[in-house]
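**Q**
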Amino acid sequence: MGGSDSSDEESESEDEVVEAGPRVDMGSLPMVAKDDKSVSARLEQAQKKKDGRRGTLYLGRIPHGFYEEEMREYFGQFGEVTRLRLARNRKTGASKHYAYIEMSSRTVADIVADTMNNYLLKGHLLQCRVIPADEVHPQLWVGANKTFHKVPRARLEKMHHERLRTDEERVAADKGLLEKQEERRRKIRESGIDYEFEGHHLLHLSHDLADPLLATPDNIERLRERERIHEDQNYLNA
């Protein structure tokens, strides 16, 4: 949708390595809307018209380090950015190198497209064009204006493991673990060894913590971690 093509996207393996690097230093970028007199004059005229129509831009070939925050700041020099969505890989969170930007004025959007198309930014020639209003589908804005946080790989793997089991399966697995622990204790006692290990306290519901014996710091942290995992699951499924 919106004219994105495979030439704008780069490999996910590259994303995972390079995205961890530094973000674009916004102070090093020229302010085209102010420095270019012709652009400044066109924007001044657009401010006088105010036709009430919004304009949607497709931005492709976006360099690494130029993410939602940077794009909103940079394109804000032209006018109000009402919505913005950077396409990201649903599994890794890596940038797909293209985005959709909605300006509060269609006239301003036209100026941005004329100015920024084939603009060299950090070694990338940007693709920037206005998307016709009849091609802007509501699904295009799903996830727009969200603050992105990258989920650590270890937590992604843990979330994947959690997804493989239903609640009933988790309860059964926990029961099996407790039975194994009890069997281990029995064998230790039969061997005549005076030793007791703590084992695992398994939490299924938050009200388990109402029991003073279960409300230990370790168990509270386990419950918080489980809640964070579910929050991340909801984020990825949004």
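Okay, so the sequence shown: first residue is 968 according to the numbering used here, each after it adds one. Beta carbons are placed, not taken as given, at the ideal position from N, Cα and C, and that holds for glycine.
Using 8 Å as the threshold, is the segment 1005-1015 in touch with the segment 1067-1086, meaning 3 or more CB pairs across them?
**A** yes
**Q** List the DSSP bridge partners of Leu1092.
**A** What you label residue 1092 is simply residue 125 of the sequence shown in a count that begins at 1. Note: Leu1092 sits in a beta bridge opposite Leu1087.
**Q** Could you tell me how far apart the beta carbons of Ala1111 and Cys1095 are, in whole angstroms, since I believe they sit closer than 8 Å?
**A** Along the sequence shown, one-based indexing puts residue 1111 at 144. Along the sequence shown, one-based indexing puts residue 1095 at 128. Going by Cβ atoms, the distance from Ala1111 to Cys1095 rounds to 18 Å, so no, they are not a contact pair.
**Q** Taking Gln1044 as the reference, give the member of Leu1053, Ile1078, Leu1087, Leu1145 with the closest Cα.
**A** Numbered from its first residue, the sequence shown carries residue 1044 at position 77. Out of Leu1053, Ile1078, Leu1087, Leu1145, Ile1078 has the C-alpha closest to the C-alpha of Gln1044.
**Q** For a quick check, are the C-beta atoms of Tyr1041 and Met993 less than 8 Å apart?
**A** Stepping through the sequence shown from its first residue, residue 1041 is reached at position 74. Stepping through the sequence shown from its first residue, residue 993 is reached at position 26. Closer than 8 Å, so yes.
**Q** Roughly how far, in whole angstroms, is the beta-carbon of Trp1108 from the beta-carbon of Arg1050, given that I think they are within contact range, below 8 Å?
**A** As a working note, residue 1108 is residue 141 in the sequence shown. As a working note, residue 1050 is residue 83 in the sequence shown. With a Cβ gap of about 6 Å, Trp1108 and Arg1050 count as contacting.
**Q** Go through its chain and collect everything with a Cβ distance to Asp1161's Cβ below 7 Å, but skip five positions before and after it.
**A** The residue given as residue 1161 occupies position 194 in the sequence shown. Excluding residues within five positions, none has a Cβ falling inside 7 Å.
**Q** Could you check how far apart the C-beta atoms of Ser1062 and Ile1029 are, in whole angstroms? I think they sit under 8 Å.
**A** Translated into the one-based positions of the sequence shown, residue 1062 becomes position 95. Translated into the one-based positions of the sequence shown, residue 1029 becomes position 62. That belief holds up - the Cβ atoms of Ser1062 and Ile1029 are roughly 7 Å apart, short of 8 Å.
**Q** Roughly how many whole angstroms lie between the Cα atoms of Tyr1086 and Glu1047?
**A** Position 119 of the sequence shown, counted from the first residue, corresponds to residue 1086. Position 80 of the sequence shown, counted from the first residue, corresponds to residue 1047. If you draw a straight line from the Cα of Tyr1086 to the Cα of Glu1047, it comes to about 20 Å.
**Q** Would you give the residue range spanned by the alpha helix (DSSP H) that Val1006 belongs to?
**A** The count along the sequence shown starts at 1 and reaches residue 1006 at position 39. 1004-1016 is the extent of the alpha helix (DSSP H) around Val1006.
**Q** Classify His1174 as helix, strand or coil using the three-state DSSP reduction.
**A** Stepping through the sequence shown from its first residue, residue 1174 is reached at position 207. Low local confidence applies: a pLDDT of 46 at His1174 is under 50, so the model's placement there is unreliable, and no value is given.
**Q** Put Ala987 into one of helix, strand or coil per three-state DSSP.
**A** Walking along the sequence shown from the start, residue 987 turns up at place 20. Only weak support exists for where Ala987 lies, its pLDDT of 43 falling under 50; the value from the coordinates is given anyway. Here Ala987 sits in coil by DSSP.
**Q** Could you check what DSSP says for Phe1074 in three-state terms: helix, strand or coil?
**A** Residue 1074 sits at position 107 when you count from the first residue of the sequence shown. Here the sequence assigns Thr to residue 1074, which means Phe is not the residue at that position. DSSP places Thr1074 in helix when its eight states are reduced to three.
**Q** Confirm, please, whether the CB-CB distance from Ala1066 to Met1038 is below 8 Å.
**A** Along the sequence shown, read from residue 1 onward, the residue named residue 1038 stands at position 71. Along the sequence shown, read from residue 1 onward, the residue named residue 1066 stands at position 99. Contact flag set, yes.
**Q** Do Arg1020 and Glu1069 have their beta-carbon atoms positioned less than 8 Å apart in this structure?
**A** To locate residue 1069, count along the sequence shown from 1; it is residue 102. To locate residue 1020, count along the sequence shown from 1; it is residue 53. Their beta carbons are not under 8 Å apart, which means Glu1069 does not touch Arg1020 by this criterion.
**Q** Where Ser1005 and Glu1102 are concerned, what is the direct C-alpha to C-alpha distance, given to the nearest angstrom?
**A** Reading the sequence shown from its first residue, position 38 is the one you call residue 1005. Reading the sequence shown from its first residue, position 135 is the one you call residue 1102. Ser1005 and Glu1102: Cα-Cα distance of roughly 30 Å.
**Q** Identify every residue that forms a DSSP beta bridge with Leu1053.
**A** Residue 1053 sits at position 86 when you count from the first residue of the sequence shown. Answer is Ala1066, bridged to Leu1053.
**Q** Report the CB separation of Leu1026 from Leu1093 in whole angstroms; it is logged as a contact under 8 Å.
**A** As a position in the sequence shown, residue 1026 is number 59, starting the count at 1. As a position in the sequence shown, residue 1093 is number 126, starting the count at 1. Correct: roughly 6 Å between the Cβ atoms.
**Q** Does DSSP put Tyr1025 in a helix, in a strand, or in coil?
**A** Residue mapping note: residue 1025 aligns to position 58 of the sequence shown, counting from 1. In this structure, Tyr1025 counts as strand in the three-state DSSP scheme.
**Q** What is the DSSP secondary structure of Val1048, reduced to helix, strand or coil?
**A** Sequence index remark: in the sequence shown, residue 1048 carries index 81 (1-based). For Val1048, the secondary structure class from DSSP, reduced to helix, strand or coil, is strand.
**Q** Between the C-alpha atoms of Pro997 and Val991, what's the straight-line distance to the nearest angstrom?
**A** Locating residue 997 in the sequence shown gives position 30, where the first residue counts as 1. Locating residue 991 in the sequence shown gives position 24, where the first residue counts as 1. Cα-Cα distance, rounded: 12 Å.
**Q** Determine the direct distance from the alpha carbon of His1031 to that of Pro989, and round the result to whole angstroms.
**A** For the purposes of this step, residue 989 is taken as residue 22 along the sequence shown, with counting starting at 1. For the purposes of this step, residue 1031 is taken as residue 64 along the sequence shown, with counting starting at 1. Roughly 9 Å between the two C-alpha positions.
**Q** If I'm right that Gln1001 touches Ser995 with Cβ under 8 Å, what's the distance once you round it to whole angstroms?
**A** Residue numbering aside, residue 1001 sits at position 34 when the sequence shown is read from its first letter. Residue numbering aside, residue 995 sits at position 28 when the sequence shown is read from its first letter. One detail in the question is off: residue 1001 reads as Lys in this sequence, not Gln. Not quite, the Cβ-Cβ distance comes to about 15 Å (not below 8 Å), so this is no contact.
**Q** Per the DSSP calculation, Ile1098 is bridged to which residue(s)?
**A** One-based indexing of the sequence shown puts residue 1098 at position 131. In DSSP, Ile1098 forms a bridge with Thr1023.
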